[in-house]
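A.B. asks:
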Amino acid sequence: MKVLVVDDNPKIRNMLNTLLDKEGFAVSNAGGGREGLAQYAAQKPDIICLDILMDDMSGIEVCAEIRKTDKAVAILIVTSRTGEADMVKAMGAGANDYITKPFDFADITARVKYLAKQITAFRDPGRAVESFAFNDVTVYPGQLRAERDGHSVDLSFREINFLRIFLTKRGVPVTIDELKPYSWAGHPSGEEKAVQWHISQLRAKIEADAETPALIVTQPDGSYLFK
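End of the sequence shown sits at 346 in the numbering used here; the numbers just go up one at a time, nothing left out.
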């Protein structure tokens, strides 16, 4: 799923890019309102993270312009403007959600993932309830979550992709090289460490005991076997 970040602060753009790329979103960036409109036309994103205060064109103006022709793209306002009047204007222009800076990393990630779920349910209701199961774990890809013993856990797009691979190659060792294309390219320690990190995060969510995994088992050669 594609996300466009529109903000004239490069630090904010880089921060959001890293957070969302880590979750498996395909992220593009724009440094101003007019560039944001151009990127929107070129990229056709599913979600837009949009600042309000920009020199050339305000985020509210950008939002209103997009809404003239597109009612489906999800727009999340990410701004330092905390006043209720600004929120009312933004929502009136067609924004789906509003979050103020400085934002909590977990909060903004959760909001973008929630919008992604809404988009999936709107575009393809059948996919929203799609599921696949292994042992006592049921995965709902369109809802970015899994259930085990009646408990629900959130999953990222990357974790969903990992599980799909393991499911299709059940009983066959999956190498780190096979998983690299689906791992977080921005991991500070490189691709191999990124795969290992994703596996550890996934185990913590779906294994009964992440310290002694029974579903995703590391093989002597470093590959992973999904039992």
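Every residue, glycine too, gets a C-beta built ideally from N, C-alpha and C.
Quick caveat, the model's predicted, so the values are computed rather than measured.
Only counting the same chain, and skipping five residues up and downstream in sequence, which positions put a Cβ closer than 8 Å to that of R153?
C.D. replies: If you number the sequence shown from 1, residue 153 lands on position 34. Counting only Cβ-Cβ distances below 8 Å, and skipping sequence neighbours, we find D175 and M176.
A.B. asks: Near K220, what residues of its chain come up, given a Cβ to Cβ distance below 6 Å and the 5 sequence neighbours on each side ignored?
C.D. replies: Taking the sequence shown and counting its residues from 1, the one referred to as residue 220 is at position 101. The residues are S199.
A.B. asks: Between T228 and the rest of its own chain, which residues show a CB-CB distance below 8 Å, the 5 nearest in sequence each way excluded?
C.D. replies: Taking the sequence shown and counting its residues from 1, one reaches residue 228 at position 109. Only L138, L139 and E142 meet the Cβ criterion.
A.B. asks: Is the distance from the Cβ of K324 to the Cβ of L274 below 9 Å?
C.D. replies: By one-based count along the sequence shown, residue 324 stands at place 205. By one-based count along the sequence shown, residue 274 stands at place 155. Yes, the pair counts as a contact, with Cβ atoms nearer than the cut-off.
A.B. asks: Checking the sheet assignment: what are the DSSP bridge partners for F345?
C.D. replies: Stepping through the sequence shown from its first residue, residue 345 is reached at position 226. Its beta-bridge partners are I335.
A.B. asks: Is it buried or exposed, D226, if we count other Cβ atoms within 10 angstroms and call 16 or more buried?
C.D. replies: Your numbering for residue 226 matches position 107 in the sequence shown. Classification for D226: exposed.
A.B. asks: Using a threshold of 9 Å, state whether the C-beta atoms of A183 and I196 are closer than that.
C.D. replies: For the purposes of this step, residue 183 is taken as the residue at position 64 of the sequence shown. For the purposes of this step, residue 196 is taken as the residue at position 77 of the sequence shown. Contact: no.
A.B. asks: Could you give the distance in angstroms between the alpha-carbon of F345 and the alpha-carbon of K190?
C.D. replies: Here the question's residue 345 lines up with position 226 in the sequence shown. Here the question's residue 190 lines up with position 71 in the sequence shown. One C-alpha to the other measures close to 42 Å.
A.B. asks: With a CB to CB cut of under 8 Å and the five nearest residues on each side skipped, what residues in its chain are close to V293?
C.D. replies: Along the sequence shown, read from residue 1 onward, the residue named residue 293 stands at position 174. Within the same chain, V293 has close Cβ partners I284, F285, S342, Y343, L344 and F345.
A.B. asks: Over the uninterrupted alpha helix (DSSP H) stretch that includes R153, give me the two end residues.
C.D. replies: Numbered from 1 along the sequence shown, position 34 holds the residue referred to as residue 153. Looking at the DSSP string, the run of the alpha helix (DSSP H) that includes R153 is G152 to Q162.
A.B. asks: Under 8 Å: do the segment 241 to 251 and the segment 200 to 214 share three or more Cβ pairs, one atom per stretch?
C.D. replies: As far as the Cβ criterion goes, the segment 241 to 251 does not touch the segment 200 to 214, which means the pair count is below three.
A.B. asks: For I284, name the three-state secondary structure that DSSP assigns.
C.D. replies: Walking along the sequence shown from the start, residue 284 turns up at place 165. Here I284 sits in helix by DSSP.
A.B. asks: Which residues does DSSP list as the beta-bridge partners of K208?
C.D. replies: Here residue 208 refers to the residue found at position 89 when the sequence shown is read from its first residue. Paired residues: none, contrary to the question.
A.B. asks: Enumerate, from N- to C-terminal direction, the unbroken alpha helix (DSSP H) stretches of 4 or more residues contained entirely within the segment 206 to 249.
C.D. replies: Entirely contained in the segment 206 to 249, the alpha helix (DSSP H) runs reaching 4 residues are, in chain order, 224 to 242 and 244 to 247.
A.B. asks: Taking Cβ to Cβ, would you say V181 is nearer than 9 Å to V146?
C.D. replies: Translated into positions along the sequence shown, residue 181 becomes position 62. Translated into positions along the sequence shown, residue 146 becomes position 27. Against a cut-off of 9 Å, the Cβ pair of V146 and V181 comes out as no contact.
A.B. asks: By Cβ distance, which residues of its chain are closer than 6 Å to M173, with the 5 residues on each side in sequence left out?
C.D. replies: As a first step, residue 173 is located in the sequence shown; it is residue number 54 there, counting from the start. Only D127, G151 and G152 meet the Cβ criterion.
A.B. asks: Where does A183 fall in DSSP's three states?
C.D. replies: The sequence position of residue 183 within the sequence shown is 64, counting from 1. Helix, per DSSP.
A.B. asks: Hey, H317 and F281 are a contact pair by Cβ (cut 8 Å); roughly how many whole angstroms apart?
C.D. replies: The residue given as residue 317 occupies position 198 in the sequence shown. The residue given as residue 281 occupies position 162 in the sequence shown. So it is a contact: roughly 6 Å between Cβ atoms.
A.B. asks: Using only CA atoms, which one of V272, A160 and D296 lies nearest to Q320?
C.D. replies: What you label residue 320 is simply residue 201 of the sequence shown in a count that begins at 1. Comparing Cα positions, the closest option is V272.
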